[in-house]
Amino acid sequence: ENQVEHSPHFLGPQQGDVASMSCTYSVSRFNNLQWYRQNTGMGPKHLLSMYSAGYEKQKGRLNATLLKNGSSLYITAVQPEDSATYFCAASSNTGKLIFGQGTTLQVKP
Amino acid sequence: DGGITQSPKYLFRKEGQNVTLSCEQNLNHDAMYWYRQDPGQGLRLIYYSQIVNDFQKGDIAEGYSVSREKKESFPLTVTSAQKNPTAFYLCASSMRGGYNQPQHFGDGTRLSIL
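So the protein sequences, as listed, match chains A and B.
Going left to right, the first sequence walks through residues 1 to 109 as the numbering used here numbers them.
Going left to right, the second sequence walks through residues 110 to 223 as the numbering used here numbers them.
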């Protein structure tokens, strides 16, 4: 069964800290891994995509790494506006994205 | 600005009633998707369409129906056969060959049972 699991489910860092989250996936015909951010009551927004194990990507204060069957996402110097739920989604060649349940980040000012 | 518009933002359904959720995009994307999100959960795929006049069932299609008569429109009907329809519904689109393309989401429709 295709599935994606997140760890932890909730993060509550202080402003200025580094937030660290990860996901593991089990997906047949894996193509790429994508990270999304969702603010409450809105649709998810795509952050970045990664294609092969060992791939690293930096986008502003976001740093992501694709591992074998997993991914880690770091947000440096977190700010209150970073508070959101972050989803990892594994893409298969069938055209589907499989989402995990997400990590909720709430930054304390 | 290009984007995806979902309407209405909030919708209430009576028992035994079918309701239709609207999704329109002006991104010129070929592929469109419908997801359901329950509180504290990830997104589950209901239906997807890679091209006009064609669509496939996702993981939880029972009790739902769709049509794709125009490239820019992908309405979702929640039928009375869907016994637990209360959820947040999200529509998305992507360029053709969607599995390696990011998906662009609307801001959702929240459906509740009266």
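For every residue, glycine included, the Cβ atom is placed at its ideal position computed from N, Cα and C.
ask   = Of all Cβ atoms in chain B, is any one closer than 8 Å to the Cβ of S87 (chain A)?
value = According to the sequence displayed, residue 87 (chain A) carries Phe and not Ser. Interface criterion met: the Cβ of F87 (chain A) is under 8 Å from a Cβ in chain B.
query = Got a sec: is the Cβ-Cβ distance from Q34 (chain A) to anything in chain B below 8 Å?
reply = Chain B, which has a Cβ nearer than 8 Å to the Cβ of Q34 (chain A), makes this yes.
Residue range of the beta strand (DSSP E) that includes M21 (chain A) = Per DSSP, the unbroken beta strand (DSSP E) holding M21 (chain A) starts and ends at 19-26.
inquiry  = Could you give the first and the last residue of the continuous beta strand (DSSP E) run that contains L48 (chain A)?
reply    = 45-50 is the extent of the beta strand (DSSP E) around L48 (chain A).
message = Taking the alpha-carbon of M204 (chain B) as reference, which of B:F214, B:F197, B:A196, B:Y198 has the nearest alpha-carbon?
response = Of B:F214, B:F197, B:A196, B:Y198, the residue nearest in Cα terms is B:F214.
task = Check each candidate in A:Q106, A:P109, A:G100 and name the one with the smallest Cα separation from V27 (chain A).
result = Measuring from the Cα of V27 (chain A), the nearest candidate turns out to be A:G100.
request  = Report the three-state DSSP secondary structure of N31 (chain A) (helix, strand or coil).
outcome  = The DSSP-derived three-state label of N31 (chain A) is strand.
task = If I'm right that Y36 (chain A) touches H46 (chain A) with Cβ under 8 Å, what's the distance once you round it to whole angstroms?
result = Contact holds; Cβ gap of about 6 Å.
task = Over the uninterrupted beta strand (DSSP E) stretch that includes M141 (chain B), give me the two end residues.
result = For M141 (chain B), the enclosing beta strand (DSSP E) begins and ends at 140-146.
query = Should R145 (chain B) go down as buried or exposed, given a rule of 16 or more other Cβ atoms within 10 Å for buried?
reply = That one is buried.
Alpha-carbon to alpha-carbon, L73 (chain A) and S83 (chain A) = Between S83 (chain A) and L73 (chain A), the alpha-carbon positions lie close to 14 Å from each other.
query = Is it true that the stretch 141-161 of chain B meets the stretch 116-128 of chain B, where meeting means three or more beta-carbon pairs spaced less than 8 Å apart?
reply = The stretch 141-161 of chain B, when compared against the stretch 116-128 of chain B, does not touch it at the 8 Å Cβ threshold.
query = Can you find a C-beta in chain B that's less than 8 Å from the C-beta of F99 (chain A)?
reply = So yes, F99 (chain A) belongs to the interface.
ask   = Which residues in chain A sit within 7 Å of L152 (chain B), going by Cβ to Cβ distance?
value = F99, listed in chain order.
query = Since L152 (chain B) and L199 (chain B) are thought to touch, with beta carbons under 8 Å apart, how far apart are those beta carbons, to the nearest angstrom?
reply = The beta carbons of L152 (chain B) and L199 (chain B) sit about 6 Å from each other, so the pair counts as a contact at 8 Å.
ask   = Considering S221 (chain B), what are the terminal residues of the beta strand (DSSP E) in which it resides?
value = For S221 (chain B), the uninterrupted beta strand (DSSP E) run begins and ends at 218-222, by DSSP.
query = Are the beta-carbon atoms of G172 (chain B) and A190 (chain B) separated by less than 8 Å?
reply = Cβ distance < 8 Å, so G172 (chain B) and A190 (chain B) count as in contact.
inquiry  = Measuring only the C-alpha atoms, how far is E178 (chain B) from V161 (chain B)?
reply    = Each residue's Cα considered, the two are about 6 Å apart.
key: chain A residues whose Cβ lies nearer than 8 Å to that of D216 (chain B)   = By Cβ distance, chain A contributes G41, M42, G43.
task = Using only alpha-carbon positions, find the residue among A:T76, A:F10, A:C88 that is nearest to L67 (chain A).
result = Comparing Cα positions, the closest option is A:C88.
request  = Would you check if the distance between the CB atom of G95 (chain A) and the CB atom of T24 (chain A) is smaller than 8 Å?
outcome  = No, the Cβ-Cβ distance between G95 (chain A) and T24 (chain A) is not below 8 Å.
message = For chain B, check one thing: does any of its Cβ atoms lie closer than 8 Å to the Cβ of S91 (chain A)?
response = Closer than 8 Å to the CB of S91 (chain A) there is at least one CB belonging to chain B.
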